[in-house]
Amino acid sequence: MQFKGVEIRKLSETMWEIPREGGMRVPGLIFASEAMMGDILRDEAVRQVMNVAHLPGILKYSIGMPDIHWGYGFPIGGVAAMDAREGVVSPGGVGYDINCGVRLLRSDLTVDALRPKLRELVAALHREVPSGVGSTGFVRLTAREEEKVLTEGSRWAASRGFASAEDVAFTESGGRLPGADPDAVSAVAKKRGSNQLGTLGSGNHFLEIDEVAEVFDDAAARAFGLFPGQATVLIHSGSRGLGYQVCDDYLVTMADYMRKNRIDLPDRQLACAHIRSPEGKQYLSALAAAGNYAFTNRQLLAHQARETFMRFLGMGPNDLGMRLVYDCGHNNAKFEEHEVDGEKRRVLVHRKGATRCFPAGSEDIPGAYRHVGQPVLIPGDMGNASYVLAGSPEAMRLSFGSTCHGAGRRMSRTQARNSVRGKSIVQEMERRGVIVVSASHKTLAEEIPEAYKDVSEVVGVVHDAGIASRVAKLRPVAVVKG
Amino acid sequence: MVEVRGVDLPDLFSSCVLALFSLLVDRRTVREAEVRSAEIAGDTEEEQLFFLLREAFLLFAAHRFLVRNAHVTILGKQVTLTVRGEPLDTSRHPVHREIKAVTAHAMAVERAPEGFLARFLVDV
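Those protein sequence lines, which keep their order, are chains A and B. Start counting the first sequence at 58; every next residue gets the next number (my numbering). Start counting the second sequence at -1; every next residue gets the next number (my numbering).
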């Protein structure tokens, strides 16, 4: 297989190597089936995997997941681990929506029991959970409170009664990334974040009610509290304007750093700074702060969803049983220990549209899940399916403990909009058995199921590669789109 | 990718600002009630445009201010933006889409047969 004159080597049915050439410091590695490689090679994402391989301090491989597609600088669905001493950190390797991620709430209800009230329930969720452009949250943050959010993350939400101790425990990193410094976040970023906490946003962000349609791994599903027919809530959102601004601010800082330090890279959107430089350290402090904002944002969204369920159904928390399964980010850079060339090394793992997926036995996952592996939440499109996976041991050997993050776009937003001109997406989704509400017809048009790759195929690749295993399939029944 | 034409650089830059706000709202619904201004500096025309659009976008993203009209003056590396508009009122200004940021990706300012041409990309 070739990409613009570069021979892509097939390593297995799910892995493809891009050999080193030019200034690449490591080879590229793409997880995909042969059928998916056709689509992937048509995109510029392969070139971006090769560009990322030029970054100083990158280890082993520049990695692409099966949901890979073009992004700014780094591809979306990309993983790059940098040596913590010699390597660089790049805001483009994280993305604008810092610590954007997914959280899954389970319940003691079945979708069959909810079905007669589903339409009114989703309308209530749309009313109560702020979504769409320009929406504002139910919490107004003073400057002092916002600093606490940035430092404490989900623990701030617990201190204000918006989270339980269990919510905090079942959030990646305990809902609080270490090293956060509010002073590293610009005043403008703080201003953008001051009224957006607890808002879904728009674009591909959503809150949906799903049914557990299939269980693949009984033991893991039991550990995660999942059973067939169960009603669950899946929330996808991030750090809102605050995170976007942190990325934007530091792209400029890093471009200056590169000029001063004469770092030459094939794409200026790969702007970076050495991890141990003042600029690198400052970005990492701001990144952690924005990540904590994202955890808190999803916690407040979950709180609003729970409250709405209870009010609407007239149920108490014990009858509803709406508890957090897990919350994981998929746009981040985290210090972790990984084996490189036979020795344990401290590395900074950039995951842009990729999810951490630590296997059973890892001390970084909640005790209740330690025997089955970290829950990994993979949202698909609004018409078909999402998946719950568990981290597998091969991920530590092959992908720095990382896997895919979603279906991955197949069509650009414009292509998607043009393809549905004159059609009612809401009616089409109803025919598929999914109730959809959205503040914006344009957003809905951009988010049609056909705009995305087949999430089952994406998940099939990471399962077969042994980096994350299937636990359960979720089927959307009601969707609130931002 | 947004493509904008202008008869000269100030005209091109002010048209880029208007194009950016047209991505957000129907500018015809925005009243010219208030004036805001900003100054930026850049070594190249692309850099000037990038910093100008970032600054203009923050009027909306950070201050919820919408632009109806824009005027740009350029003196060497310095660019001054003066805009007229009003604060966002969601009942009158439905916002088309959420823009995360103006990116530097593939940003270009070029001489065209009848003036100047610029290209820029926003992250949505």
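Glycine included, every Cβ here is placed at the ideal spot set by N, Cα and C.
For this session: Check the DSSP bridge columns for E393/A and list the partner residues they point to.
Result: By one-based count along the first sequence, residue 393/A stands at place 336. According to the DSSP secondary-structure assignment, E393/A is paired through a beta bridge with V404/A.
For this session: Please report how far the alpha carbon of A328/A lies from the alpha carbon of R176/A, in whole angstroms.
Result: Taking the first sequence and counting its residues from 1, one reaches residue 328/A at position 271. Taking the first sequence and counting its residues from 1, one reaches residue 176/A at position 119. Taking the Cα positions, A328/A is about 47 Å away from R176/A.
Problem set entry | Other residues of its chain near A181/A: CB distance less than 7 Å, five sequence neighbours each side excluded | Taking the first sequence and counting its residues from 1, one reaches residue 181/A at position 124. Take A181/A, set aside five residues on each side of it, and the residues of its chain with a beta-carbon closer than 7 Å to its own are T365, F369, in chain order.
Exercise. Of the choices D321/A, R212/A, Q302/A, whose alpha-carbon is the least far from that of A59/B?
Worked result: As a working note, residue 59/B is residue 61 in the second sequence. Looking at the Cα atoms, Q302/A is the closest of the given residues.
For this session: Look up E451/A in the DSSP assignment and give the residues it is bridged to.
Result: Taking the first sequence and counting its residues from 1, the one referred to as residue 451/A is at position 394. According to DSSP, E451/A bridges with nothing at all.
Exercise. Taking Cβ-Cβ distances shorter than 9 Å, what residues in chain B pair up with R49/A?
Worked result: For chain A, the structure presents residues 58 to 539; residue 49/A sits outside this window and is missing.
For this session: On a CA-only basis, which of D275/A, T353/A, G286/A is nearest H293/A? Give me that one, please.
Result: Start at 1 with the first residue of the first sequence, and residue 293/A comes out as number 236. Nearest C-alpha to H293/A: T353/A.
Problem set entry | Euclidean distance between Cα positions of Q76/B and G40/B | If you number the second sequence from 1, residue 76/B lands on position 78. If you number the second sequence from 1, residue 40/B lands on position 42. Straight-line Cα distance between these residues: approximately 7 Å.
For this session: Could you tell me which of G152/A, N318/A, S119/A sits nearest to R297/A, measuring between CA atoms?
Result: Within the first sequence, residue 297/A is the residue found at index 240, counting from 1. Taking only the C-alpha atoms, the option nearest R297/A is G152/A.
For this session: Would you mind reading off the limits of the alpha helix (DSSP H) that contains V491/A?
Result: As a position in the first sequence, residue 491/A is number 434, starting the count at 1. Taken as a continuous stretch (DSSP letters only), V491/A belongs to no alpha helix (DSSP H), as it is neither H nor E.
Exercise. With respect to the beta strand (DSSP E) encompassing D121/B, which residues constitute its N-terminal and C-terminal limits?
Worked result: Numbered from its first residue, the second sequence carries residue 121/B at position 123. Element bounds for D121/B: 113 to 121.
Exercise. Quick one: is K67/A buried, meaning 16 or more other Cβ sit within 10 Å of its Cβ, or exposed?
Worked result: By one-based count along the first sequence, residue 67/A stands at place 10. It is exposed - the Cβ of K67/A has fewer than 16 other Cβ atoms within 10 Å.
Problem set entry | G250/A CB to nearest heavy atom of the ligand COA below 7 Å | Absence of the ligand COA from the depicted structure is noted, as is the absence of any ligand whatsoever, leaving it without description.
Problem set entry | chain A contacts from the stretch 24 to 49 of chain B (Cβ-Cβ distance under 8 Å) | Hits within the stretch: zero.
Exercise. How is I482/A classed by DSSP in three states: helix, strand or coil?
Worked result: Walking along the first sequence from the start, residue 482/A turns up at place 425. If DSSP states are grouped into helix, strand and coil, I482/A belongs with the helices.
Problem set entry | Interfacial residues, the stretch 69 to 94 of chain B to chain A, with Cβ spacing under 9 Å | Correct list: L86, T88, H91, P92, V93, H94.
For this session: Using a Cβ cut-off of 8 Å (strictly closer), state whether G437/A contacts chain B.
Result: Working through the first sequence from its first residue, we reach residue 437/A at position 380. Interface criterion not met: the Cβ of G437/A is under 8 Å from no Cβ in chain B.
For this session: Excluding the 5 residues preceding and the 5 following G4/B in the sequence, name in chain order all residues of the same chain whose CB lies nearer than 6 Å to its CB.
Result: The count along the second sequence starts at 1 and reaches residue 4/B at position 6. L10, S13, G113, F114, listed in sequence order.
Problem set entry | Contact set for M72/A: own chain, Cβ-Cβ below 7 Å, skip 5 residues either direction | Here residue 72/A refers to the residue found at position 15 when the first sequence is read from its first residue. Here M72/A has L86, F88, A522 as same chain residues with Cβ atoms under 7 Å from its own Cβ, once five neighbours each way along the sequence are excluded.
Exercise. Span of the beta strand (DSSP E) holding T193/A?
Worked result: Stepping through the first sequence from its first residue, residue 193/A is reached at position 136. Counting along the chain, T193/A falls outside any beta strand (DSSP E), and DSSP gives it neither H nor E.
For this session: Could I get the ranges of all uninterrupted alpha helix (DSSP H) runs contained in the stretch 162 to 191 of chain A, with 4 residues as the minimum, in chain order?
Result: If we require 4 residues or more, the alpha helix (DSSP H) runs fully inside the stretch 162 to 191 of chain A come out as 168 to 171, 175 to 185.
For this session: Compute the Euclidean distance between the alpha carbons of S334/A and E43/B, then round it to the nearest angstrom.
Result: Here residue 334/A refers to the residue found at position 277 of the first sequence. Here residue 43/B refers to the residue found at position 45 of the second sequence. Cα to Cα, the separation comes out at about 30 Å.
Problem set entry | Chain-ordered chain A contacts of V122/B [CB-CB under 9 Å] | Position 124 of the second sequence, counted from the first residue, corresponds to residue 122/B. The contacting residues are S259, G260, R470, E503.
Problem set entry | Straight-line Cα distance separating V225/A from G424/A | Along the first sequence, one-based indexing puts residue 424/A at 367. Along the first sequence, one-based indexing puts residue 225/A at 168. Rounded to whole angstroms, the gap between the alpha carbons of G424/A and V225/A is 13 Å.
For this session: Evaluate contact between the stretch 83 to 91 of chain B and the stretch 498 to 511 of chain A, counting only Cβ atoms and requiring at least three cross-stretch pairs below 8 Å.
Result: The stretch 83 to 91 of chain B makes no contact with the stretch 498 to 511 of chain A, as fewer than three CB pairs between them are under 8 Å.
Problem set entry | Own chain residues within Cβ distance below 6 Å of D165/A, not counting five before or after | Here the question's residue 165/A lines up with position 108 in the first sequence. In chain order, G378 place their CB closer than 6 Å to the CB of D165/A, counting only its own chain and leaving out the 5 sequence neighbours on each side.
Exercise. Can you tell me whether A220/A is buried or exposed, with buried defined as 16 or more other CB within 10 angstroms of its CB?
Worked result: Position 163 of the first sequence, counting from 1, holds the residue named residue 220/A. Result: buried.
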